[in-house]
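Engineer:
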Amino acid sequence: MNYPETLAWIHGTERFGSRLGLGRMGRLLHRMGDPHLKVPYIHVAGTNGKGSTTTMIASALTAGGFKTGKFISPFILEFRERMQIDSEMIPEETLAALATRLRPIAEEFKAAGDPPTEFELVTVLGLTWFAEAGCDIAVLEVGLGGRLDATNIIPPPLVAVITRIDYDHTAILGDTLAAIAGEKCGILKRGSTVICYPDQEEEAGRHPGEGQNGVEGLGEALRQLHKGGPEDLQPTGGDEDAPRHDTSFLSLVGSRAPEPGEKQKERPPRVFESLTTRGERSSPTRRQGSR
Numbered sequence: 030m031n032y033p034e035t036l037a038w039i040h041g042t043e044r045f046g047s048r049l050g051l052g053r054m055g056r057l058l059h060r061m062g063d064p065h066l067k068v069p070y071i072h073v074a075g076t077n078g079k080g081s082t083t084t085m086i087a088s089a090l091t092a093g094g095f096k097t098g099k100f101i102s103p104f105i106l107e108f109r110e111r112m113q114i115d116s117e118m119i120p121e122e123t124l125a126a127l128a129t130r131l132r133p134i135a136e137e138f139k140a141a142g143d144p145p146t147e148f149e150l151v152t153v154l155g156l157t158w159f160a161e162a163g164c165d166i167a168v169l170e171v172g173l174g175g176r177l178d179a180t181n182i183i184p185p186p187l188v189a190v191i192t193r194i195d196y197d198h199t200a201i202l203g204d205t206l207a208a209i210a211g212e213k214c215g216i217l218k219r220g221s222t223v224i225c226y227p228d229q230e231e232e233a234g235r236h237p238g239e240g241q242n243g244v245e246g247l248g249e250a251l252r253q254l255h256k257g258g259p260e261d262l263q264p265t266g267g268d269e270d271a272p273r274h275d276t277s278f279l280s281l282v283g284s285r286a287p288e289p290g291e292k293q294k295e296r297p298p299r300v301f302e303s304l305t306t307r308g309e310r311s312s313p314t315r316r317q318g319s320r
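Quick note on numbering: the sequence shown equals residues 30 to 320 in the numbering used here.
1. Going by C-alpha distance, which of Val73, Asp195 and Ala125 is nearest Trp158?
2. Taking the DSSP output, what are the residues bridged to Tyr70?
3. Taking only beta-carbon atoms, is Ser221 less than 8 Å away from chain D?
4. Alpha carbon to alpha carbon, what distance is there between Thr35 and Gly41?
5. Can you grab the Cα-Cα spacing for the pair Gly172 / Phe108, in whole Å?
6. Following a CB-centred definition, is Leu173 positioned closer than 7 Å to any heavy atom of the ligand PLP?
7. Count the other C-beta atoms from every protein chain shown that fall within 10 angstroms of the C-beta of Asp228, then say buried if there are 16 or more, exposed otherwise.
8. Among residues of its own chain, excluding the 5 on either side of Pro185, which ones have a beta-carbon nearer than 6 Å to its beta-carbon?
9. Where do the N-terminal and C-terminal ends of the beta strand (DSSP E) with Gly98 fall, by residue?
10. In chain order, what residues of the same chain have a beta carbon less than 6 Å from the beta carbon of Asn31, not counting five sequence neighbours either side?
11. Under the DSSP definition of a beta bridge, which residues are partnered with Val190?
12. Go ahead and label Ser102 buried or exposed: buried means 16 or more other beta carbons lie within 10 angstroms of its beta carbon, across all protein chains shown.
13. For the beta strand (DSSP E) that contains Ile86, what are its first and last residues?
14. Measure the C-alpha to C-alpha separation of Glu239 and Glu122 and round it to an integer number of angstroms.
15. Since Tyr226 contacts Arg193 with CB under 8 Å, what's their CB separation in whole angstroms?
16. Excluding five sequence neighbours on each side, which residues of the same chain lie with their C-beta closer than 8 Å to the C-beta of Val151?
17. If you count every other CB in all the chains shown that lies within 10 Å of the CB of Pro33, and 16 or more means buried, which is it?
18. Please report the distance separating the alpha-carbon of Thr82 from that of Glu136.
19. Under the rule that 16 or more other beta-carbon atoms within 10 Å means buried, what is Thr306, buried or exposed?
Following this line, the structure appears as structure tokens:
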């Protein structure tokens with residue numbers, strides 16, 4: 030396929046709608062060589078500011094000499110804005126070549142009655158490009174929610190960021206801030222540094238009951254991480270065949286639940302600290318030839 034044909038194919042999947050879940054993503058990525066397991070990540074979820082936060086983090090990493098992938102949604106002017114390396118959009122010919130490889134796999138899924146969604150296809154393309162281009166690290170913006178978003182197929186990221194949480198997509202994520210927070214906190218995994226926007230609404234930090242993933246509220250999500258349940262906040266919800274990541278040997282660092290209304294003056298330094306070297310095991314490494 031050429032570039033116009035690639036766009037027509039990707040946008041043609043819109044009719045399949047949005048179907049949250051990770052089982053199909055895991056199978057698609059496996060057929061593409063499991064590229065999502067080959068790059069370290071920073072994962073950003075929230076309601077307000079997640080796009081700008083993703084861009085600022087990616088820009089800081091690029092300035093620091095890391096070859097940095099950035100995945101955002103939606104785009105403003107050009108579809109290729111959704112996947113960038115060091116602020117350069119994916120070349121048209123590269124996107125077309127990747128899509129040409131992915132299309133027959135997606136057609137197999139469609140023939141079997143399980144067609145991928147547009148967002149899943151775009152996410153697979155982005156993750157594959159980042160891996161094959163040799164990115165040192167990639168910064169991913171969640172598309173919708175977090176727990177069952179296609180981007181959440183990644184292993185525990187180096188840093189998981191929760192921006193301000195407000196009411197959005199209530200028909201899917203829940204009709205309370207606590208329920209919405211629980212879904213967005215589905216990106217938190219043991220072994221990741223967790224950074225939360227400090228001035229959340231009080232309700233977002235409460236734990237009034239059971240959410241769809243057994244967790245509601247920021248505070249409860251972080252408490253579950255510390256005590257190791259439920260399932261270390263790994264994605265759940267009818268995707269028994271979704272890949273599970275063994276995180277039992279990892280430890281959670283640098284996280285705590287913000288108290289309602291708390292002003293955390295140390296937050297900016299901790300944000301920058303999360304972008305610096307944290308040790309040989311957990312830090313991205315500049316590849317030979319990187320900037």
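All residues carry an ideal CB built from backbone N, CA and C; glycine is no exception.
Structural biologist: Result, derived from the coordinates:
1. Comparing alpha-carbon positions, the option among Val73, Asp195 and Ala125 lying closest to Trp158 turns out to be Ala125.
2. DSSP, once it has assigned bridges, lists Ala167 as partnering Tyr70.
3. In the displayed structure, chain D is absent; only one protein chain is listed.
4. Going by the C-alpha atoms only, they are around 10 Å apart.
5. Rounded to the nearest whole angstrom, the CA to CA distance from Gly172 to Phe108 is 15 Å.
6. Ligands in the displayed structure: none, and consequently the ligand PLP is not present.
7. Residue environment for Asp228: exposed (fewer than 16 other C-beta atoms within 10 angstroms of its C-beta).
8. Within the same chain, Pro185 has close Cβ partners Lys218, Gly220, Ser221 and Thr276.
9. Its beta strand (DSSP E) spans residues Thr97 to Phe100.
10. The answer, listed in chain order, is Ala125.
11. Bridge partners of Val190: Val73 and Ile224.
12. By the neighbour-count definition (other C-beta atoms within 10 Å, threshold 16), Ser102 is a buried residue.
13. Here Ile86 belongs to no beta strand (DSSP E); instead the alpha helix (DSSP H) covers Lys79 to Ala92.
14. Reliability of the predicted coordinates at Glu239 is poor, the pLDDT of 42 falling under 50, and no value is obtained from them.
15. Contact flag correct, Cβ pair sits at about 5 Å.
16. Around Val151, the same chain offers Ile39, Ser102, Arg111 and Met112 as residues with beta carbons nearer than 8 Å, after the five sequence neighbours per side are excluded.
17. By the 10 Å Cβ count, Pro33 comes out exposed.
18. Straight across, the Cα-Cα distance linking Thr82 with Glu136 is about 35 Å.
19. With a pLDDT of only 39 at Thr306, under the threshold of 50, the placement of this residue in the model should not be trusted, and no figure is reported.
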